[in-house]
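In terms of the working numbering, the sequence shown is residues 24 to 277. One structure below.
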Amino acid sequence: MSAVKASPVDPLALAAKFQNASEKAGFTAEKFGESGNFPLVALTKRTPGPRPRIYLSAGIHGDEPAPPLALLSLIESGEFDKRAVWFICPMLNPAGLARGTRENASGTDLNRDYRHLASPEIRAHAGWLERQPNFDLAVCVHEDWEMSGFYLYELNPDGRPSLAEPMVAAVSRVCPIEPSPLIEGREARGGIIRPVLNPQEREKWPESIYLQVHHTRLSYTVETPSSLPLATRIGALRAALVTAIGIACTNPAG
Ligand SMILES: [Zn+2]
24 MSAVKASPVD PLALAAKFQN ASEKAGFTAE KFGESGNFPL VALTKRTPGP
74 RPRIYLSAGI HGDEPAPPLA LLSLIESGEF DKRAVWFICP MLNPAGLARG
124 TRENASGTDL NRDYRHLASP EIRAHAGWLE RQPNFDLAVC VHEDWEMSGF
174 YLYELNPDGR PSLAEPMVAA VSRVCPIEPS PLIEGREARG GIIRPVLNPQ
224 EREKWPESIY LQVHHTRLSY TVETPSSLPL ATRIGALRAA LVTAIGIACT
274 NPAG
């Protein structure tokens with residue numbers, strides 16, 4: 024059962040804005056699949072030389088408009104410069120965005136489909152990911168309708184230097200941090216969840232688990248509270264991303 028909670032976004036109008044902004048910023052756009060009648064597009068920007076490879080995704084839940092808008096605003100403000108090689112999937116569920124639903128047009132929560140790849144969207148996305156090199160950092164950008172503060176998940180199986188605390192510190196200047204010791208049934212501290220998980224024991228994989236298994240050893244899922252004004256949510260996500268990117272580009276993982 025999919026409940027419409029967000030004002031629907033016009034995915035074609037938003038896609039046009041992404042195309043325009045990303046072209047100006049030097050990105051290459053690649054259509055890798057379709058969601059209903061909407062294209063699925065990846066944006067890449069490669070500067071030669073050794074640079075951290077950074078992957079960002081948004082818009083997998085159609086009732087979460089702030090994440091794609093935050094990425095658009097970062098493209099427009101020139102954040103994605105020559106410091107890194109960029110891989111961006113800004114709108115993974117355009118049919119859901121058009122309807123204002125978490126799920127896609129067939130009622131599938133795409134962020135639970137990365138183990139079995141049953142939906143055309145996620146099959147196409149996994150196929151695109153397979154053609155990319157591994158990432159030094161991945162961030163999946165979300166909103167949350169249940170929590171009143173910002174929080175994030177960290178998947179960091181090798182114990183690399185964490186970006187979680189600096190991200191939370193930066194976001195705390197923009198919006199409240201979720202104080203609950205239990206978020207989505209998981210232990211949390213200061214808005215940070217570090218799930219201990221064995222992917223093979225999970226029947227349904229979100230994008231973050233798929234990324235850990237196949238593409239990256241450091242990933243974050245950042246969640247801004249949907250109850251806040253849209254501009255604040257965008258500001259919170261921007262703060263988290265700019266902070267993570269800044270550190271990743273200063274201290275690239277060996
Ligand atoms: Zn979400």
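Just so it is clear, CB atoms sit at the ideal spot from N, CA and C, and this is done for glycine as well. Computed from a prediction, not measured in an experiment: that's the story for all the values here.
In the DSSP assignment, Ala-161 forms a beta bridge with Tyr-78, Ser-242.
If you look at Trp-109, you'll find it in the beta strand (DSSP E) that goes 108 to 112. Counting the other CB atoms within 10 Å of its CB gives Val-164 a total of 16 or more, which places it among the buried residues. Cβ atoms of Arg-261 and Leu-97 come within 8 Å of each other, at about 6 Å. Glu-46 sits in a helix when the DSSP states are folded into three classes. Within the segment 152 to 235, the complete beta strand (DSSP E) runs of at least 3 residues fall at 160 to 167, 174 to 178. Beyond the five residues adjoining it in sequence on each side, Ser-30 comes within less than 7 Å, by CB distance, of Gly-123 in the same chain, given in chain order. If you keep only unbroken alpha helix (DSSP H) runs of at least 4 residues inside the segment 80 to 146, you get 89 to 99, 117 to 122. Per DSSP, Thr-255 is not a residue of any beta strand (DSSP E); the alpha helix (DSSP H) it occupies stretches across 253 to 273.
Val-191 sits buried, since 16 or more C-beta atoms from the chains shown fall within 10 Å of its C-beta. Of the candidates Glu-87, Val-197, Leu-175, the residue whose Cα lies closest to the Cα of Glu-126 is Glu-87. Beta-bridge partners assigned by DSSP to Gly-59: none are found. Secondary-structure assignment with DSSP links Lys-68 through a beta bridge to Trp-109. Taking 8 Å as the upper bound for CB-CB distance, Ile-215 and Glu-177 are in contact here, some 6 Å apart. Assignment of beta-bridge partners to Lys-54 by DSSP yields Val-64. Just so you know, the alpha carbons of Pro-113 and Leu-35 end up roughly 13 Å apart.
Going by beta carbons, Pro-90 and Ala-81 fall inside the 7 Å limit. Per DSSP, reduced to three states, the secondary structure at Pro-31 is coil, with no helix or strand assignment. Separation of the CB atoms of Glu-144 and Gly-56 is rounded to 6 Å, and the pair is thereby assigned contact status at 8 Å. With fewer than 16 other Cβ atoms inside 10 Å of its own Cβ, Ala-254 counts as exposed.
About 4 Å separates the beta carbons of Gly-172 and Pro-199, which is inside the 8 Å limit, making them a contact pair. One thing to note: Val-194 has its Cβ no nearer than 7 Å to the Cβ of Ala-118. Separation of the CB atoms of Asn-116 and His-84 is rounded to 7 Å, and the pair is thereby assigned contact status at 8 Å.
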